[in-house]
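Have a look at the structure below, then the notes.
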Amino acid sequence: MVSGVMFILIPAGLGVVSCLFILFYVSFTSNFFIHSHQIHLTFNSTLNNSFVANPTIQTHTHVRFNGNHVNDNDVFHDRDAFVDNYEEMNRSLKIYVYPHLKDDPFSNVLLAVDFEPGGNYASESYFKKVLKMSHFITRDPSNADLFFLPFSIARLRHDPRVGINGIKDFIKSYIFNISHEYPYWNLTNGADHFYVACHSIGRFAMEKVVDVKINAIQVVCTSSYFVSAYIPHKDASLPQIWPRPGGNPNFAPYKRKKLGFFAGSLNSPVREKLLKWWGNDSDIFVHFGRLERSYTEELLGSKFCLHVKGYEVNTARIVDAMFYGCVPVIIANHYDLPFADILDWKHFSVIVATLDIPLLKKILQGITQQEYLVLQSNVLKVREHFQWHVSPIHFDAFYMVMYELWVRRSSLRLQ
Numbered sequence: 001m002v003s004g005v006m007f008i009l010i011p012a013g014l015g016v017v018s019c020l021f022i023l024f025y026v027s028f029t030s031n032f033f034i035h036s037h038q039i040h041l042t043f044n045s046t047l048n049n050s051f052v053a054n055p056t057i058q059t060h061t062h063v064r065f066n067g068n069h070v071n072d073n074d075v076f077h078d079r080d081a082f083v084d085n086y087e088e089m090n091r092s093l094k095i096y097v098y099p100h101l102k103d104d105p106f107s108n109v110l111l112a113v114d115f116e117p118g119g120n121y122a123s124e125s126y127f128k129k130v131l132k133m134s135h136f137i138t139r140d141p142s143n144a145d146l147f148f149l150p151f152s153i154a155r156l157r158h159d160p161r162v163g164i165n166g167i168k169d170f171i172k173s174y175i176f177n178i179s180h181e182y183p184y185w186n187l188t189n190g191a192d193h194f195y196v197a198c199h200s201i202g203r204f205a206m207e208k209v210v211d212v213k214i215n216a217i218q219v220v221c222t223s224s225y226f227v228s229a230y231i232p233h234k235d236a237s238l239p240q241i242w243p244r245p246g247g248n249p250n251f252a253p254y255k256r257k258k259l260g261f262f263a264g265s266l267n268s269p270v271r272e273k274l275l276k277w278w279g280n281d282s283d284i285f286v287h288f289g290r291l292e293r294s295y296t297e298e299l300l301g302s303k304f305c306l307h308v309k310g311y312e313v314n315t316a317r318i319v320d321a322m323f324y325g326c327v328p329v330i331i332a333n334h335y336d337l338p339f340a341d342i343l344d345w346k347h348f349s350v351i352v353a354t355l356d357i358p359l360l361k362k363i364l365q366g367i368t369q370q371e372y373l374v375l376q377s378n379v380l381k382v383r384e385h386f387q388w389h390v391s392p393i394h395f396d397a398f399y400m401v402m403y404e405l406w407v408r409r410s411s412l413r414l415q
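UniProt numbering puts the first residue of the sequence shown at 1, with every later residue one more than the last.
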């Protein structure tokens with residue numbers, strides 16, 4: 001009889017212990033995973049409250065906005081580590097550029113421009129122009145950490161001899177030529193090579209040279225980790241910067257009367273959704289077509305400026321917003337943001353999933369004035385990292401790209 005009771009009690013006891021273990025595990029893992037879903041949990045629990053937190057802020061535990069108290073964290077993930085590594089990079093990084101002469105039939109594509117770049121794809125031209133004059137260049141390939149493939153996708157796209165349809169074949173021929181004329185590509189199968197491109201055509205340009213996509217470092221504006229052409233951590237996101245005139249605009253937050261602003265083409269489902277929800281709103285100004293006021297005035301008069309995915313995840317709007325002291329709101333799923341492994345974007349931007357466009361106004365209105373002032377102050381801190389100069393300045397866009405290359409350099413060195 002006793003043995004029968006014990007036979008019943010032992011499994012029952014084990015069952016209780018198992019249940020307790022499961023409850024503990026669920027509790028622990030819930031706390032562990034809650035941060036990746038915090039935005040939706042927060043929305044569900046606070047839609048009827050007066051405060052809806054910035055989703056970017058709420059998804060990270062080490063940033064806390066509580067009432068009127070703001071924890072003003074650094075705009076860097078780790079400032080000290082960055083500065084130490086930056087100094088080493090500035091001392092030691094060497095890049096070999098495959099040489100081409102001015103009488104080369106494609107010198108317009110392969111050499112740096114002899115004028116100050118401008119327009120939507122200026123980042124591509126600025127990098128090559130500034131690199132050419134920098135101390136990072138070495139003429140001795142044996143000293144090189146990296147090898148630069150100097151073709152310009154934007155200029156290939158507009159060259160009548162090549163055009164959109166001929167870019168893939170041009171790149172294929174270029175890689176074939178350097179891999180047969182020089183030994184460096186073959187030593188690493190391109191792992192210590194890189195190119196820079198800002199035109200959206202760039203993400204299709206390497207389709208006939210798989211080794212470039214898989215092995216080389218692609219420094220591109222079209223940095224969407226949703227497409228196979230871009231590999232995060234191997235590749236790097238290049239900020240799309242439309243150069244603006246010098247000087248300091250009036251950043252005063254009290255003059256910003258509009259809650260949100262967007263202007264652009266209606267060229268994507270995401271923008272169509274934005275128009276559907278906020279096209280007639282009095283607080284969020286969403287405009288497709290010609291503006292009544294200047295673009296600059298709208299940026300200076302708005303608290304939040306929207307970057308909304310169009311054909312690609314990237315546009316120059318993020319940097320436009322920063323330049324004029326407007327806090328960027330990024331609505332572009334799968335966008336690997338520029339310098340995201342250096343800068344902590346949650347401290348100077350608001351990131352909203354496309355799924356949450358209907359909640360956009362609630363999100364922005366839920367950010368208190370003090371929280372907004374911290375965000376805007378941090379925008380002004382990071383502006384310098386998103387500006388090009390013909391004569392580069394430490395920590396500007398050129399040096400930031402060089403740092404991204406340095407941390408991605410191959411461990412294979414030529415001896």
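We put the CB at the ideal spot given by N, CA and C, even for glycine.
Residue i lies in the beta strand (DSSP E); which residues open and close that run?
i, result
"K303", "302 to 308"
"V329", "327 to 331"
"I284", "284 to 288"
"K258", "258 to 264"
"residue 439", "As shown, the chain starts at 1 and ends at 415. That puts residue 439 outside it, with no answer to give."
"Q387", "Careful: Q387 lies outside any beta strand (DSSP E) and carries neither H nor E."
According to DSSP, simplified to helix, strand and coil, what is residue i?
i, result
"S237", "strand"
"L101", "coil"
"P338", "coil"
"S3", "Any reading at S3 needs caution, since the residue's pLDDT is 46, under 50, leaving its predicted position unreliable; the model's value is listed next. Of the three classes helix, strand and coil, the one that applies to S3 here is helix, per DSSP."
"I343", "It is worth fixing the name first, because residue 343 is Leu in this sequence and not Ile. Strand."
"L299", "helix"
"L149", "coil"
"P358", "helix"
"F82", "helix"
"I201", "coil"
"S224", "strand"
"I95", "strand"
"V113", "coil"
"I367", "coil"
"V374", "helix"
"V270", "helix"
"P249", "coil"
"V350", "strand"
Considering only residues of the same chain and omitting the five flanking positions on each side of residue i, which have a CB-CB separation below 7 Å?
i, result
"N44", "At N44, the pLDDT of 33 sits below 50, so the modelled position is not reliable and the matter cannot be decided from this model."
"T315", "Q240, H307"
"V109", "F151, S152, R155, L156, D159"
"I178", "Y98, W185"
"V70", "Reliability of the predicted coordinates at V70 is poor, the pLDDT of 35 falling under 50, and the value obtained from them is presented with this limitation in mind. Cβ neighbours of V70 beyond the five flanking positions: Q370, E371, V374."
"N215", "N189, G190, A191"
Among residues of its own chain, excluding the 5 on either side of residue i, which ones have a beta-carbon nearer than 6 Å to its beta-carbon?
i, result
"E87", "none"
"M400", "F339, H385"
"residue 419", "The structure shown does not extend to residue 419, since the chain spans only 1 to 415, so no value can be given for it."
"R317", "H307"
"S302", "R256, K258, F261, C326"
Quick test of your reading: residue i and residue j, contact by CB under 8 Å. State the CB separation rounded to the nearest angstrom.
i, j, result
"S228", "E312", "Not a contact, Cβ separation roughly 15 Å."
"G202", "N267", "Incorrect: roughly 18 Å between the Cβ atoms, too far for contact."
"V327", "Y372", "7 Å"
"F398", "G325", "Going by Cβ atoms, the distance from F398 to G325 rounds to 23 Å, so no, they are not a contact pair."
"D242", "I357", "Note on identity: in this sequence residue 242 is Trp, with Asp being the wrong assignment. Between I357 and W242 the Cβ distance is about 25 Å, and since that is not below 8 Å, they are no contact."
"R408", "A236", "6 Å"
"D244", "F323", "As written in the sequence, residue 244 is Arg, which differs from the Asp given in the question. Confirmed, Cβ separation roughly 5 Å."
Answer yes or no: does any C-beta atom of chain D fall closer than 9 Å to that of residue i?
i, result
"F285", "The structure shown contains no chain D; it is built from a single protein chain."
Let's see if you can read the secondary structure: which residues bound the alpha helix (DSSP H) around residue i?
i, result
"I164", "163 to 181"
"V219", "Premise fails: V219 lies in the beta strand (DSSP E), 217 to 220, not in any alpha helix (DSSP H)."
"S142", "No alpha helix (DSSP H) contains S142, which DSSP labels as neither H nor E."
"F398", "397 to 408"
"K129", "122 to 132"
"A321", "317 to 323"
"R211", "Looking at the sequence itself, residue 211 is Asp, so the reference to Arg does not match. It spans 210 to 214 - the alpha helix (DSSP H) in which D211 sits, taken as one unbroken run."
"Y184", "184 to 188"
Residues in the same chain with beta-carbon distance under 8 Å from residue i, minus the five sequence neighbours each way, listed in chain order, please.
i, result
"D211", "I175, N189, G190"
- Check whether the stretch 150 to 162 touches the stretch 89 to 108, counting contact only when three or more Cβ pairs, one atom from each stretch, lie closer than 8 Å. yes
| query | Does the stretch 379 to 386 come close enough to the stretch 359 to 370 that 3 or more CB-CB pairs lie under 8 Å? | reply | no
query = Is there contact between the stretch 334 to 343 and the stretch 393 to 404, where contact requires at least three CB pairs shorter than 8 Å?
reply = yes
Below 8 Å, how does it come out for the stretch 162 to 175 and the stretch 123 to 132: are there three or more Cβ pairs, yes or no? no
| Three or more beta-carbon pairs under 8 Å between the stretch 283 to 291 and the stretch 258 to 272, yes or no? | yes
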